[in-house]
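Residue numbers (the numbering used here), protein chains in the order written: chain A, 1 to 104; chain B, 1001 to 1491; chain C, 2001 to 2615; chain D, 3001 to 3500. Note that CB positions come from ideal geometry on N, CA and C, so glycine has one too. Note that the structure is predicted; figures quoted are calculated from it, not measured. Working notes for the structure below.
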Amino acid sequence: MDGLNIPLNHILLVSSLLFAIGMMGLMIRRNIIFILMSLEVMLNSAALAFVAAGAHWGQPDGQIVFMLILTVAAAEVAVGLGLVLQVQKRFKTLDMDHANRMRG
Amino acid sequence: MNAQLMMALMPILVLSLTAVVLMIQASVKRDQSVAWVITALGLLLALWGAGYARGFTQPVTVLLMVDDWGLFFTTLILVAALVTLILSKDTFSPEGERKEEYYLLLVLSVLGAVVLIQSSHMVSLLLGMELMGVALYAMIAFPEKGQRPLEAAIKYLVLSACASVILLYGFALIYAATGELSYAGIGLKASIAYAQNPILLMAGTAMVLAGIGFKLSVVPFHMWTPDVYEGAPTPVTGFLATVSKGAVFVALSRFFVEGQLYEYQSLMTALAAVAIASMLIGNWLALRQENIKRLLAYSSIAHFGYLLVVLIALSYSGAEAGLIRESITFYLAAYILTTLAAFAVVASIAGEDERKNHIASFDGLFWRRPIQAFSLTVAMLSFAGIPLTAGFIGKFYIISVGIQSQLWWLITALVIGSAIGIYYYLRIIFAMTMSSGMSSGMSVNDEGEDQKNVAQDVVVSSQDVLAMLLLTMVLLLGTWPQPFIEFAGRL
Amino acid sequence: MRELIWLIPLIPLLSSVTLMLAGSRLPRLMIGIAGVGSVGFAALLTLGTGINFMANPEPFQLTLWTWMQVGSFAPGVAFYFDGLTLVMMSVITGVGFLIHLFSTEFMERDESYARYFAYLNMFVAAMLVLVMADNLLLLYLGWEGVGVCSYLLVGFWYQNSANGQAARKAFIVTRIGDTAMALGLFLLFTELGTLDIQAMVGIANETWQVGDNVALIACLLLLAGAVGKSAQLPLHTWLPDAMAGPTPVSALIHAATMVTAGVYLIARTHGLFLLAPEAMMAVAVIGIATTLMAAFTALMQSDIKRILAYSTISQIGYMFLALGVGAWTAGIFHLMTHAFFKALLFLGSGAIIHCLHHEHNIFKMGGLRTRMPVTFWSFMIGSAALAALPMTSGFFSKDQILLQAYQMPGMGPWLWLAGLLGALLTAVYSFRLVFVVFFGAAKTEPDKDTGWRMALPLTVLCGLSLIGGYFIIPVQDVFPVGSGDHPAHWVEYVSISVPLFGVLLAYLIFHTGQLKVDSLVNSRIGQTLRQFWLSGWGIDWLYDRLFVRPYYALSGMLKSEPVDAIYGLIVAINQTFNHWLSAAQTGRMRWYIVSMVFGLVVLLTLALQISPEVL
Amino acid sequence: MVMVNLILILLVGGVLALLSERVNENMPRRVALAVVLFDLVYFLIHLSGMPELTQLQAPLPDDPSTWLMHFKADWIPAFGISIEFALDGISMLMVLLTLVLGAVAVSASWTDVIVRRGFFEANLLWTLAGVLGVFMALDLFLFFLFWEVMLIPMYFMIAIWGHENRGYAAMKFFIFTQASGLLMLVSILALVAVNQSATGQWSFSYFDLLNTPMAEATAHWLMLGFFIAFVVKLPVFPFHTWLPDAHTQAPTAGSVILAGILLKTGAYGLIRFAVPLFPQAAMDFSYVAMVLGAVGVVYGAVLAFAQTDFKRLIAYSSVSHMGFVLLGVYAWNELALQGAVMQMVAHGFSTAALFMIAGSLQERLHTRDMREMGGLWQQMPRMGAVAMFFVVASLGLPGLGNFVAEFLVLLGLFQVDPWLTAVAALGLITGAAYSLILMQRAFQGEPNPKLVDQGLMDFGRREMLTMAVMMLALIGLGIYPQPILDIAQPVLQSLLEVTP
């Protein structure tokens, strides 16, 4: 197939950047919503990497895994948001730093 | 997809069917006890299935590998699930709380675990892990009141999601390096890939290890363990500690062996570092822990540290592979049984009352509830690896494997770790022997009290029976391991 | 007769055991009979054996059983009987019997009458074993046995912890010597392969030339043991304190028998000492030094028993001198006579103390001549013998010693001179005692005079002290005969006259008071000397600083168990780790994520340590 | 089979004792005594069939059939682990000692323990069973199993019926012994691995593992593993610090068993395993060991002298006495070894008796502090006399067992190293110091006014009987030790042949 052919490493670079961004988000954001979003970002970075790798090897598997990742993400987020509601109800806040009853 | 495969997949099929039935039942008529019975039946049926499938061991597509080894762990996990089920019935059932979904989640989680055990492909691994995990989040958060369960759930969710992502990314890199998703494939291509682009492969595997390490809660991915253990309802904690960790470890060892990752020295160093850190730090953390659930969490960290030694031994020709596999089988079995027993006792003593998880609430247990005390003592001794318990044979295996592969550093760490471990396991036992107003060990006044205690200890809950059963197995494995060793050898 | 000698130690032992087990239930009379009778019986047996032995003086050996057998080490419970043994046994049983008899009256009112006799009999048994032993190990058994009995008897009145103190001191100080002796035994066995004295001496003579170093070391170690038991320098400090025990005990153990065990040991092993001239020289020097040291000290004491104690030390010094110069017979002879007159003196003092309601200070006594005639005469005779006035038993023995010392090549004359000085002092202090106690004005009234059970032993001992000098002890085949020749006559005259002069001095100073010494005594130097001698040359003080206090300090220092500190440290380290790590468990999710990321980084760095040849 | 029964009897007996409490709370002690005595009789009956002591032939270390008894049954064939017991002279002596002192211990617990008697006696019997196992097991796996398991009931005895500071003491005792045990486990497994790589098959049997060929360095390390485990138990300076606490805090019966028997397992292990399995390494190491022993002798004595706690003093005296055992073992000649064995037996009796005296004092005065005592002889002459006997025994009075032991050890040691002998001999002097100070502080001196009018009870019939047994034993050992020596001699001889 024609079209511009981006070398694998570049895409992996991008995806790893995405990954790092997501990770950063996890580390610095306190609000649970944003934390979940950061997770999404990371998931997508992984998905991107898979697609790229699939393309690199000229296999469909990459994209299949991408599908799978989407569903996984959906599941995670579904449960996650469910919990977020409960958090709001029981902690009266979404700031995760206040959820530290258990320590030591 | 021919019948053979169906047969091989029997346990998985049964479990999925149970899940479906449960959903239907919930939509038709919500009734806890019915749901409970269905679950129980489902699990039993799955047990039968696991036995049945042994006739048809074979790879099922590229995704799953049905072999005796896997089936053995499937059985073990189903047993653990049954135990959890029984514990859940008696332990946390505040009036009016609806638990149908809980049972559904339980079944799904078990299903995930089974898939995980039999996975021979990244996708099935991912699938199993997520299925198990996602169901677990909900199970942890199930109690409708209290902040701790919720906090535990959200922490577990976020962190384990993060871990899964790391894992995924690792897979992506490996895929990028090898172009293979199945372990076997990786095993084939890895060496070439390593020659071409080692960084990609190594980084990938390292990330996979990190992701799995989180599930196994080995240092430095252990932080979540105590909080989740503490916050989750005791039966769920037991489930997490046994089913989830056990399954993940099996998957890890498959990945390791099939993918022949033990070939790469640098990986092994990394793993060794993790193992040593887990053995020491886990025990150190437990040293003065007052909350028994947290204490067990920390001790589990150490125990998986010990278990990693076996995987590392793979890379050295010293010990033969059969012995290594045997050790994994034995140690995991011993660990799962002991842990279940321990949590059964904790559940029967503490129930859902967080305060009762404090070590002080075990004071004088020997005189109040001798049976529980005895069970817990045996469990602790097994954890500590004192002879006559399964734990000792497990440790025996690990040390011999370690010695044969001459992993002196790991053995040193193991010895130090166990030495520290003795202290906190013993603390619990000592607490149970204490008794109020026992000044010089022989003051008369607590004799009467004892009579009281003996009197009040007639009720033996189902948890206690369960604990006794499990511990008889632990003791049996410890005193007469030969049959099981042979069995494990044949797997 | 001969094969029955094992009965001699056994009988007192049995009676001792009986008294221990049943003593509390027996009536006093029975106890007395058992206690005295057993020793008396032993004495009779000894007599019989002695007669039998005299008939044909063949030393003989009797093995009861093999004590322990490990490889070639097979000491037996075996007795050896020769003239020397006979002399010792006669002294022990004979004098012992008299002292037992004396005790029945002396201890009359003591509540633990039975315990007393139990101990005393046990002592006799042990002492007999000591002198009858055929091998050094059995001898060591007796040796330690008498030590323990001495400890028990010195601390007999245990409720006064001063007595306990004295008893412990006695035991531990002698134990030091004993330990050295044990080492000597090890050395001898390792070198010679046996501990049977006769055989050992034989082998020694084959293996070692005269002056062999190993022999020297062995002898010195044995000497150390002897020095400890016989209260010689430097291990003499226990004896004066040991006077805390009942007086008859002092008479029996700390004058007549136990303290002379050292002399016996050396005499018994003289075969070895002959191989080590330096060792013999050491014996002589120790002896003479002790003699003078103790004599000066005795001169200053005011406690009647302490005076006698120091005089004992000094007299044993003479015996050592004798052994050192090779005058074996004379030494043993002096041992015997000394047993007689010193027992006499002690019992006499015992009588005084008994009748003067436990008064010890001689300056609180006086004028007892008329009130306690028996005691007075015993003291007169005893002191005469002690001072070696002509024709008394002491004269014969001590004279021999001095003469043979004089003959010793090399430093002989010097030893002789020192010996003379000692004799002079002896005369002075012993008669000082007599004059102060028995003459002059009465200061304390005796509440009674001695009963027959006290009087009889005193009179018998008086007799012995007088005529004892004419005995011939049957040791001629035991010891090598010395050179028969005699020194010049003037030496003899001097030796005889010096004690008389001493008595005269004592008379002038302490009785008539014509010779004024106060100015001398009260002078600065005099005072210091007086204090110095009174305190026994400050040796106790020295040891206290040198050994006792440091030991207490050391044990006090270690009491807190420094070793445990190491383990404490280990615990502390673990607890610190625990502290830090659990502090890290903040419960904050984001921090957990940070840790995971950190972990990931670590893993990556480790995993990417790829061997260069791949890249 | 006899040996298995010996252990089973005690195990079952323990259960019986436990249950018998339901019948009547005085029952357990009777049951326990009966069981121990029965076990003893049972053993003696089966010994009576043996050859004359003097005709004992040397048991070849590598041929079990030459031993007095031998029993072997498969247990875990997968690893060549079998239930293998064997009995030779030394183990026989130790078994006898264990059972006799076991009976003594039961008697010691007669009035001492008043709560949960059933459980107590059960633990006591189980401990004994474990100890018997240690003395008879010749399969290293089995040996290790008994080695560890016997500690658990012991732990309970200290932790439940101990004195004021029992928690700390029990924990310290358990951790010291377990941690050192782990080292031994590693050594055992390594040894087996070496043997397996050499012969190609797993075996934990002592007889197979003897003269396993291995590199010198390996041998040194493995030997060290065993050595540490054993000297911690013995105990030897500087690993002794658990002992004063454990002995002091344990109930009387516990102290009796600890001092009388448990310490001996360490010595036994050295003689049976540490040296024969690694002869060369052990010999290379012997000087260090002997120095430790000599230091221990003096150090223990000095610390004993400093104590004011009656039991603590005795505990330190044990440290001192066990130093002699270590010296005896590593001097490794017949004299010294005989001395060591002798010391194990004699010390068993003398210390057990002293601990019983301490126990009865605590029972009467409710204190172990000697500053609270004094002049007790007056009120309790019998106890005083008995105490005097055992005190002079422990300071090594000739004619009593301990003297024979110490003399032989030192005599044997002298042939190896005179200077160390001189150092160790200091123990005789310091030993006298602490023994007599004990007598002085407790029984002599001015009676403590607080105690005078308490009407303290002197030793009763049961106590005197128990004491009499031990006194006679010590006297017998003292004046005619030959039987013991004859029993041990062949074994030691064959052991001596093992080493270069």
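Provide the residue span of the beta strand (DSSP E) that contains residue i, from first to last.
i       : result
D:M3283 : Run containing D:M3283: none in the beta strand (DSSP E); it sits in the alpha helix (DSSP H), P3279 to A3306.
D:S3082 : I3081 to L3087
C:L2064 : F2060 to T2066
C:Y2470 : C:Y2470 -> no beta strand (DSSP E), and no H or E assigned at all.
Closer than 9 angstroms, CB to CB, is residue i near chain B or not?
i       : result
D:V3192 : yes
D:P3077 : yes
D:Q3201 : no
A:F34   : no
When you compare the CB positions of residue i and residue j, do they come within less than 9 angstroms of one another, or not?
i       : j       : result
A:L43   : A:V14   : no
C:I2217 : C:S2302 : no
B:L1022 : B:L1104 : yes
C:R2588 : A:M23   : no
Looking at the secondary structure, which residues open and close the alpha helix (DSSP H) in which residue i lies?
i       : result
D:G3399 : From DSSP, D:G3399 is part of no alpha helix (DSSP H); its letter is neither H nor E.
D:F3038 : M3027 to L3047
D:W3075 : Taken as a continuous stretch (DSSP letters only), D:W3075 belongs to no alpha helix (DSSP H), being part of the beta strand (DSSP E) at M3069 to I3076.
Using a Cβ-Cβ distance under 9 angstroms, would residue i count as near chain D?
i       : result
C:S2555 : yes
Could you work out which residue in the options is closest to residue i when comparing CA atoms only?
i       : options                               : result
D:S3255 : D:P3213, D:V3329 and D:S3360          : D:S3360
A:I33   : A:M102, A:W57, A:Q63 and A:L94        : A:L94
A:R101  : B:M1065, B:P1149 and B:T1472          : B:P1149
C:L2458 : C:S2250, C:F2396, C:F2395 and C:G2382 : C:G2382
C:G2468 : C:V2087, C:H2254, C:V2434 and C:T2190 : C:V2087
C:W2065 : C:G2071, C:R2028 and C:P2075          : C:P2075
B:Q1482 : D:V3012, D:W3075 and D:S3048          : D:W3075
B:Q1196 : B:G1204, B:A1177 and B:L1181          : B:A1177
D:A3304 : D:L3376, D:I3009, D:A3432 and D:A3253 : D:A3432
Using the Cβ count rule (16 or more neighbours within 10 Å means buried), how would you classify residue i?
i       : result
D:Y3287 : exposed
D:S3197 : exposed
C:S2611 : exposed
B:G1179 : buried
C:R2109 : exposed
C:H2354 : buried
C:L2515 : exposed
D:S3065 : exposed
Please decide whether residue i counts as near chain A, where near means a Cβ-Cβ distance under 9 angstroms.
i       : result
B:S1439 : Confidence in B:S1439 is poor, its pLDDT being 37 and thus under 50, which makes the residue's placement too unreliable to answer from.
B:R1098 : no
Along chain F, which residues have their Cβ under 7 angstroms away from the Cβ of residue i?
i       : result
C:L2606 : In summary, chain F is missing from the structure at hand, where the protein chains are A, B, C and D.
Between residue i and chain C, is there a C-beta pair that is closer than 9 angstroms?
i       : result
B:D1227 : yes
B:M1129 : no
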